[in-house]
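Peer 1: Would you mind keeping the following structure in view while I ask a few things?
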Amino acid sequence: MADQPKEVKLYGHGFSGYCTMVHSALKLKGVAFEYVEEDLQNKSEALLRLNPVYKKVPVLVVDGEPIAESLVILQYIDDVWKNPPLLPEDPYQRAKVRFWADYVYQKLVPPVYRIRASEGDARKKAEEEFRANMITLEDGIREELWSAGGSFINGEKPGLLDVIMGSCHTGLKYLEDVAGVKLVEKDRTPLLCSCMEAFVELDVVKGP
Numbered sequence: 008m009a010d011q012p013k014e015v016k017l018y019g020h021g022f023s024g025y026c027t028m029v030h031s032a033l034k035l036k037g038v039a040f041e042y043v044e045e046d047l048q049n050k051s052e053a054l055l056r057l058n059p060v061y062k063k064v065p066v067l068v069v070d071g072e073p074i075a076e077s078l079v080i081l082q083y084i085d086d087v088w089k090n091p092p093l094l095p096e097d098p099y100q101r102a103k104v105r106f107w108a109d110y111v112y113q114k115l116v117p118p119v120y121r122i123r124a125s126e127g128d129a130r131k132k133a134e135e136e137f138r139a140n141m142i143t144l145e146d147g148i149r150e151e152l153w154s155a156g157g158s159f160i161n162g163e164k165p166g167l168l169d170v171i172m173g174s175c176h177t178g179l180k181y182l183e184d185v186a187g188v189k190l191v192e193k194d195r196t197p198l199l200c201s202c203m204e205a206f207v208e209l210d211v212v213k214g215p
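Take the position in the sequence shown, starting the count at 1, then add 7; the result is the number in our numbering.
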């Protein structure tokens, strides 16, 4: 059995959903780590050295070796700390989870940024795009991944998609309040709403 990493450090920012995903995954795995809050207006020399390509958070540093980009980090965490698993054992199901995880990044994140940065018709168009893509995600998960009986997309215990979507819950609610819009609709995406709410109520996620 390979030795477990001895030193784990996460460079992040409190208002970043991407950082919340990594933070939650580490807590679910029971990994002890040091957290370093970054000032994104005055990035530290350490962050710029650890992530010279994108120069942004999150960055996970394990025994001195940096890993950047949240989705890459999440899969790294699952490879290094096996239990509880975030990805299914079956290769086909793993591929399906990865497909829908990438879908979140490609189809949900961009309209969120446009909602935050626009007004009028442009914002309305971005809102409609987000809602439509949420429905597509709901339908895809229901048809390809979800099985009745658990509180999460992954079943009885949270998996990768639960970490990703559950970590977005607070940020989406905040955006709804600030922008005066309704993005997460229980009547249209009941499964996603239920799973996201179950995730944020986990004691390990709510804890420090």
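Glycine included, each C-beta is placed from N, C-alpha and C at the ideal position. Note that the coordinates shown come from a computational prediction; the quantities given were computed from them, not determined experimentally.
1) Across which residues does DSSP place VAL68 in a beta bridge pair?
2) In whole angstroms, give me the CA-to-CA distance for LYS50 and GLU150.
3) To the nearest angstrom, how far is the alpha carbon of CYS202 from that of ILE160?
4) Measure how close the beta-carbons of VAL68 and LYS131 come, nearest whole angstrom, since I'm counting them as under 8 Å.
5) Cβ of LYS34 within 8 Å of Cβ of VAL207?
6) Check whether the segment 19-35 touches the segment 81-97, taking contact to mean three or more Cβ pairs, one atom from each stretch, closer than 8 Å.
7) Pull up the DSSP beta-bridge partners for GLU145, would you.
8) State buried or exposed for LEU55, treating a residue as buried only when at least 16 other CB atoms are found within 10 Å of its CB.
9) In three-state terms, what does DSSP make of TYR42?
10) In whole angstroms, give me the CA-to-CA distance for VAL119 and LEU144.
11) Are SER23 and VAL64 touching if we call contact CB-CB under 8 Å?
12) What would DSSP say about LEU157, mapped onto helix, strand or coil?
13) Helix or strand or just coil, what does DSSP make of VAL207?
14) Going by other Cβ atoms of all chains shown within 10 Å of its Cβ, with 16 needed for buried, is TYR181 buried or exposed?
15) Would the beta-carbon of ALA108 fall within 8 Å of that of LEU167?
16) Are the CB atoms of LEU190 and GLU135 within a distance shorter than 8 Å?
17) If you follow the alpha helix (DSSP H) that THR27 is part of, which residue opens it and which one closes it?
18) In the DSSP assignment, what residue or residues form a beta bridge with GLY162?
19) Suppose the cutoff is 7 Å on Cβ atoms and the five residues either side in sequence are ignored; what does the same chain contact list for TYR42 look like?
Peer 2: Result, derived from the coordinates:
1) LYS16, PRO73
2) 43 Å
3) 6 Å
4) Not a contact, Cβ separation roughly 42 Å.
5) no
6) yes
7) BP columns for GLU145 are empty, so no partner.
8) exposed
9) strand
10) 15 Å
11) yes
12) Before going further, note that residue 157 is Gly rather than Leu in the sequence given. Three-state result, GLY157: coil.
13) helix
14) exposed
15) yes
16) no
17) 24-36
18) PHE159
19) LEU17, GLY19
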